[in-house]
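A.B. asks: Before we start, here is the structure in question, set down as structure tokens.
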Ligand code: NAD
């Protein structure tokens, strides 16, 4: 079994990503030599059209695997030799493993959200859940919620077409009776056990909250996927209203846990990786 791994993250605007630090530290803790490079299209001048070359070069240079992020998660799919069923359902890959001359495409975003959710909000009322934001993160979150047993997911997006597309994708896997689209956010939240923000609203540079404060009540749980910063405006107003809260850090750590396991073939210590992430973001 190999003890040395060369990995990378391919994306745009990723210079502040904490994924490299998490993978390297977990490797060290397990006595492995993990080197993890940021391969940022913005810095190195490549885009979606260059992705076939980026993958080919990574393979030639002996990389063992890549994490893939915005804007490449969908574009990478046709470049792979093997796709897991969940990645095919989502039409998106965040982890590519190079093994025996083949490129394996996997998705640990949805499973990362599901693991983080059951850990952070055990016993949460998830019938129904309102999912706000139906882009790449939203589809993964919806898939994770339904996989871990949510009764129903109601999708809201300011772009109605994106909400429809997300709901169709989720319903294909989990059935139409467990997925719906909502056009009035406030009323949908009134009827829900919890709400997840999967829009970029709340990120540095995108101030505000996609869920209006007036919709919050103390028996509602609130999850955010944004993790720059961890304490988004939504998270902070939800805490003020007495809601149970999950920040975007849980998904960020658990997707890395899943990727570490795929890259190295070894279990990761999720608690240790959480602690390290907390140190990095303190
Ligand atoms: P995206 O652009 O693909 O999708 C965002 C969606 O939100 C779009 O459909 C847009 O129409 C919708 N939207 C924007 N503002 C809205 C509003 N006010 N109300 C309703 N809908 C609105 O983006 P994405 O790739 O899905 O990423 C979304 C966020 O998730 C980003 O901040 C990203 O950093 C974060 N993310 C976090 C993790 C994690 O591990 N925690 C993983 C992936 C993405």
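Residue numbers (our numbering): 216 to 497.
For each residue, glycine too, the CB sits at the ideal point set by N, CA and C.
Values in this document were obtained by computation on a predicted structure and should not be read as measured data.
1) Under 6 Å Cβ to Cβ from residue 360, same chain only, skipping five residues before and after it: list those, please.
2) Got a sec, what are the start and stop residues for the alpha helix (DSSP H) residue 261 sits in?
3) Taking C-beta to C-beta, are residue 394 and residue 403 nearer than 7 Å?
4) In three-state DSSP terms, what is residue 383?
5) To the nearest angstrom, how far is the alpha carbon of residue 262 from that of residue 268?
6) Hey, is the stretch 424-434 in contact with the stretch 307-318, meaning 3+ C-beta pairs nearer than 8 Å?
7) Which class does residue 334 belong to by DSSP, given the choice of helix, strand or coil?
8) Give every residue of the same chain whose Cβ lies closer than 6 Å to the Cβ of residue 421, excluding the five residues on either side of it in the sequence, and list them in chain order.
9) Work out the CA separation of residue 303 and residue 349 for me, nearest whole Å.
10) Is the beta carbon of residue 336 sitting closer than 7 Å to the one on residue 282?
11) When you measure from the CB of residue 314 to every non-hydrogen atom of the ligand NAD, does any distance come out below 6 Å?
12) Look at the alpha carbon of residue 244 and the alpha carbon of residue 482, and state the distance between them as a whole number of angstroms.
13) Looking only at its own chain, which residues have a Cβ that is under 8 Å from the Cβ of residue 476, when we skip the five neighbours before and after it?
14) Is residue 442 close to the ligand NAD? I mean its beta-carbon at under 6 Å from any heavy atom of the ligand.
15) Quick one: is the Cβ of residue 416 within less than 6 Å of any heavy atom of the ligand NAD?
16) Three-state secondary structure (DSSP) at residue 371?
17) Candidates 474, 234, 278, 226: which alpha carbon is nearest residue 496's?
18) By the 10 Å Cβ neighbour count, where 16 or more other Cβ atoms means buried, how is residue 279 classified, buried or exposed?
19) Just reading off the alpha helix (DSSP H) that residue 403 is part of, what are its end residues?
C.D. replies: A quick look at the data gives this:
1) Closer than 6 Å at the Cβ level, and outside the excluded window around residue 360, lie 344, 368.
2) For residue 261, there is no enclosing alpha helix (DSSP H), as DSSP gives it neither H nor E.
3) The answer is no: Cβ separation not under 7 Å.
4) When DSSP states are grouped into helix, strand and coil, residue 383 belongs to the helix group.
5) Approximately 10 Å between the Cα atoms of the pair.
6) Touching, no.
7) Three-state DSSP puts residue 334 in a helix.
8) Excluding the 5 residues flanking it on each side, residue 421 has same chain C-beta neighbours closer than 6 Å at 415, in chain order.
9) Going from the Cα of residue 349 to the Cα of residue 303 covers about 17 Å.
10) Judged by beta-carbon spacing, residue 282 lies beyond the 7 Å limit of residue 336, meaning their Cβ atoms are not closer than that value.
11) No; taking the cut-off as 6 Å, the Cβ of residue 314 has no heavy atom of the ligand NAD nearer than that.
12) Using only the alpha carbons, I get a separation of about 12 Å.
13) Sequence-distant partners of residue 476 (beyond 5 residues in either direction) whose C-beta falls short of 8 Å from its own C-beta, in its chain, are 482, 483.
14) True, at least one ligand heavy atom lies under 6 Å from that Cβ.
15) Inclusion of residue 416 in the 6 Å shell around the ligand NAD follows from its C-beta lying nearer than that to a non-hydrogen atom of the ligand.
16) Reduced to three states, the DSSP call for residue 371 is strand.
17) Cα-wise, what sits closest to residue 496 is 234.
18) Buried, by the Cβ-count rule.
19) According to the DSSP assignment, residue 403 belongs to the alpha helix (DSSP H) that extends over 400-405.
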